[in-house]
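Down below is the structure, laid out as structure tokens.
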Amino acid sequence: MATQAMTKAPARATPRPGLQDILPLAPLQEGLLFHSVYDEAAPDVYLVQQAIDLAGDLDAEALRAACRALLRRHGNLRAAFRYAGLQRPVQMIPHEVRLPWEDVDLTGLPEAARAAAADRVVEEDRTRRFDLAEPPLMRFTLIRLGDGRHRFVLTNHHILLDGWSRPMLVRELLALYASGGDDSALPRVRPFRDYLQWLAGQDKEAALDAWRGALAGLDGPTLVSPRAGERAPVVPGRLETEVDRPTYEALTALARERALTLNSLVQGAWAVVLSGLTGRDDVVFGTTVSGRPPEVPGIETMVGLFINTLPVRVALRADEPLVDTVRRVQDEQTRLQPYQHTGLAEVQRLAGSGELFDTTMVFENYPVDIGAENDRPGGIRGVTVTGSRNRDATHYPLALVAVGRGGLRLRLDHQPDLIPEGTARSVMDRLVRVLRSVAADPSLPLGRLETLPAGERRAVLDLGRGAETPVPETGLPEAFRAQARRTPDAVAVRCGATAYDYATLDARSDALARRLVGLGVTAETPVGLLMERSAELVVAILAVLKAGGAYVPLRQGDPADRLRQVADLAGIGPVLTDGEHESRAAGLGTAVLRADGEGPSGPGAPLPAS
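Number 442 in our numbering belongs to position 441 of the sequence shown; there are no gaps in the numbering.
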């Protein structure tokens with residue numbers, strides 16, 4: 002079949018009359034196709050809309066001619082997407098499509114009502130789905146407001162275009178309008194097929210190996226709303242803020258000084274916020290990469306969907322400043338850059354945990370100022386661009402967009418049925434707080450970063466706090482003994498199938514404590530603990546405290562040299578262990594006692610007075 006060949010490289014076969022080409026899909030196109038088909042009963046959040054305000058003597062027919070020329074020039078703008086009965090979906094490019102144009106005249110309304118009516122037209126257009134099998138997946142609406150004012154609305158499915166392509170496309174459209182639809186002065190179009198041809202020639206196994214290494218050891222996804230996949234996405238709410246100028250300038254100076262990007266610093270701050278929301282110190286979120294390989298000739302002027310969404314993994318360490326964390330992450334992303342064409346579905350399959358993340362962070366730095374077209378030689382045929390608004394969205398519960406042009410603006414889209422506006426506002430406040438903290442003191446360890454606003458911090462501290470109880474002057478051993486006298490038969494500790502009541506726990510810890518004293522443990526003698534989490538671990542801790550010592554946990558997974566180093570630095574006396582780690586404990590060169598009472602027993606001694 003022709004479609005089988007297309008999974009390897011774009012095919013030239015055009016088996017139907019009227020078709021110019023049949024092409025495979027780029028990785029993100031496959032993902033968007035899936036979401037649009039899966040959520041076909043709900044509004045399609047992947048509709049992208051740009052509303053451009055125009056003033057002057059607009060020639061509507063010339064604008065229509067420019068739109069027709071735009072569709073004629075770029076074959077991938079005429080694409081229809083088919084998947085039924087095929088092993089892999091394809092995009093079919095017809096030679097021609099009808100121009101989807103709507104003319105809305107609001108000049109008959111009272112002046113005061115026109116703006117609201119225009120907003121309704123724009124919003125209704127935005128909620129109207131495309132049938133991805135019926136091209137073109139782009140439509141144009143001209144709203145006449147009177148007095149030489151118009152609003153031109155360009156709406157397309159995201160499967161056609163990315164954010165870098167859209168400003169180029171609008172500039173080309175305005176140039177075509179200025180020339181009456183004549184494209185002879187415009188540069189030759191570099192077809193999207195060239196990029197797909199490059200994509201088909203990449204080493205897939207090398208890419209998968211690189212991503213497999215990047216995700217090695219990850220123990221689960223980072224999800225702020227685990228039930229997000231159970232419902233259809235809705236049109237998101239949106240919050241926006243601008244980081245204060247001193248913080249922005251401090252962050253840009255820090256980025257220059259440490260050879261970091263502002264994007265990386267915001268990614269690091271977002272990871273800190275996600276860690277606080279999920280309780281994970283190894284977090285993953287999605288980011289959007291430009292996906293424009295420089296080795297493809299003319300890639301910087303191509304129009305299409307080149308971007309890709311891929312995971313960013315951030316391992317947070319409490320004793321490490323954020324700038325050091327960001328350096329590790331930026332270096333890792335540099336290593337992965339040759340493999341940014343890999344599809345997200347393939348990457349997630351490597352992790353084996355389904356969805357890896359449900360939040361995204363995107364840094365926008367592509368040109369968007371179409372108002373600059375007013376200064377083009379000869380103008381825009383008597384028309385001036387007076388404003389422009391863009392709307393796009395994703396299906397993720399939280400999607401952060403940072404814009405770093407002349408300042409740092411933050412936009413947080415949230416699915417309101419999963420993340421209410423108040424919660425989203427708290428998330429935004431936390432992010433800004435982290436950025437300010439890092440700007441003020443880049444050397445501050447992550448464990449000392451204050452992410453919660455003062456009011457939220459007070460609420461957390463008050464959560465679940467009952468009446469205050471005076472702290473007894475006696476130490477923990479005597480407080481435990483008093484509880485054991487009050488409730489000797491009550492369960493004090495349970496681990497798996499093992500359970501000790503207070504009387505048993507008191508007796509076992511007393512016996513072990515006497516053995517420790519017999520080995521010379523006195524006030525604040527460091528006693529090592531090398532054992533699994535168990536009921537016997539509680540016995541051991543109590544015994545050390547009853548003997549007057551201080552316990553020092555030793556990590557079971559550390560190499561022998563590391564264990565010896567810790568033991569030497571801490572000046573550890575005896576070591577309490579269990580059967581599984583007894584031989585490793587013996588290698589530390591100090592006295593070893595089994596906390597469970599097994600093994601040789603040393604002489605006991607009276608316990609110190611409480």
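Positions of the beta carbon are idealized from the N, C-alpha and C atoms, including for glycine.
C-alpha distance - residue i paired with residue j, whole-angstrom precision
{"i": "A215", "j": "A352", "result": "10 Å"}
{"i": "P111", "j": "G147", "result": "11 Å"}
{"i": "L577", "j": "Q484", "result": "25 Å"}
{"i": "R121", "j": "G405", "result": "31 Å"}
{"i": "A43", "j": "D104", "result": "26 Å"}
{"i": "L311", "j": "P222", "result": "14 Å"}
{"i": "D163", "j": "V363", "result": "13 Å"}
{"i": "P417", "j": "R382", "result": "43 Å"}
{"i": "F131", "j": "H158", "result": "7 Å"}
{"i": "G109", "j": "N77", "result": "38 Å"}
{"i": "L138", "j": "I420", "result": "30 Å"}
{"i": "V630", "j": "V304", "result": "With the chain covering only 2 through 611, there is no way to say anything about residue 630."}
{"i": "V324", "j": "V225", "result": "24 Å"}
{"i": "L209", "j": "Q334", "result": "15 Å"}
{"i": "G218", "j": "T424", "result": "31 Å"}
{"i": "A254", "j": "T248", "result": "10 Å"}
Residue i - DSSP class collapsed to helix/strand/coil
{"i": "Q331", "result": "helix"}
{"i": "I94", "result": "strand"}
{"i": "P16", "result": "Because P16 carries a pLDDT of 46, less than 50, the predicted location of this residue cannot be relied on, and the following value inherits that uncertainty. In the structure shown, P16 sits in coil (DSSP, three-state: anything other than H, G, I, E or B)."}
{"i": "V386", "result": "strand"}
{"i": "F1", "result": "The requested residue 1 is not part of the displayed model; the chain covers only 2 to 611."}
{"i": "W271", "result": "helix"}
{"i": "Q88", "result": "coil"}
{"i": "D60", "result": "coil"}
{"i": "H158", "result": "strand"}
{"i": "F35", "result": "helix"}
{"i": "Y397", "result": "coil"}
{"i": "P446", "result": "strand"}
{"i": "G277", "result": "helix"}
{"i": "Q51", "result": "strand"}
{"i": "T424", "result": "helix"}
{"i": "E103", "result": "strand"}
Whether residue i touches residue j by CB criterion (8 Å)
{"i": "A512", "j": "D502", "result": "no"}
{"i": "V91", "j": "I23", "result": "yes"}
{"i": "P575", "j": "L520", "result": "yes"}
{"i": "L306", "j": "L161", "result": "yes"}
{"i": "P446", "j": "D562", "result": "no"}
{"i": "R412", "j": "R152", "result": "no"}
{"i": "P237", "j": "A52", "result": "no"}
{"i": "M93", "j": "A85", "result": "no"}
{"i": "A1", "j": "L530", "result": "With the chain running from 2 to 611 in the structure shown, residue 1 is simply not present."}
{"i": "R595", "j": "E581", "result": "no"}
{"i": "E451", "j": "R434", "result": "yes"}
{"i": "L564", "j": "L538", "result": "no"}
{"i": "H342", "j": "G287", "result": "no"}
{"i": "G19", "j": "T385", "result": "no"}
{"i": "P443", "j": "H415", "result": "no"}
{"i": "R73", "j": "D106", "result": "no"}
{"i": "L403", "j": "V267", "result": "Note that residue 403 corresponds to Ala in the displayed sequence, not to Leu. Cβ atoms of A403 and V267: closer than 8 Å."}
{"i": "R172", "j": "T156", "result": "no"}
{"i": "T326", "j": "I308", "result": "no"}
{"i": "C68", "j": "L174", "result": "yes"}
{"i": "L506", "j": "L543", "result": "yes"}
{"i": "L177", "j": "A70", "result": "yes"}
N- and C-terminal bounds of the beta strand (DSSP E) containing residue i
{"i": "F364", "result": "T360 to E365"}
{"i": "V315", "result": "N309 to A316"}
{"i": "V297", "result": "Segment: none, V297 is in no beta strand (DSSP E) and carries neither H nor E."}
{"i": "E243", "result": "G238 to E243"}
{"i": "T578", "result": "V576 to T578"}
{"i": "V528", "result": "P527 to L531"}
{"i": "G214", "result": "It is not in any beta strand (DSSP E) - G214 instead sits in the alpha helix (DSSP H) that spans K205 to A215."}
First and last residue of the uninterrupted alpha helix (DSSP H) at residue i
{"i": "G405", "result": "No alpha helix (DSSP H) contains G405, which DSSP labels as neither H nor E."}
{"i": "F193", "result": "F193 to A201"}
{"i": "P554", "result": "From DSSP, P554 is part of no alpha helix (DSSP H) but of the beta strand (DSSP E) over A551 to P554."}
{"i": "A256", "result": "R246 to E258"}
{"i": "L633", "result": "Lying before the first or after the last residue shown, residue 633 is absent from the chain, which here runs from 2 to 611."}
{"i": "R79", "result": "Segment: none, R79 is in no alpha helix (DSSP H) and carries neither H nor E."}
{"i": "V123", "result": "E112 to R127"}
{"i": "V567", "result": "A561 to A571"}
{"i": "L546", "result": "A536 to K547"}
{"i": "L351", "result": "L345 to A352"}
The ligand MG heavy atom lying under 7 Å from the CB of residue i
{"i": "G529", "result": "With respect to small molecules bound, the structure shown includes none, and the ligand MG cannot be examined in it."}
Whole beta strand (DSSP E) elements within the region 472-524, 3-residue minimum: Taking 3 residues as the minimum length, the beta strand (DSSP E) runs contained wholly in the region 472-524 are 492-496 and 499-502, in order along the chain.
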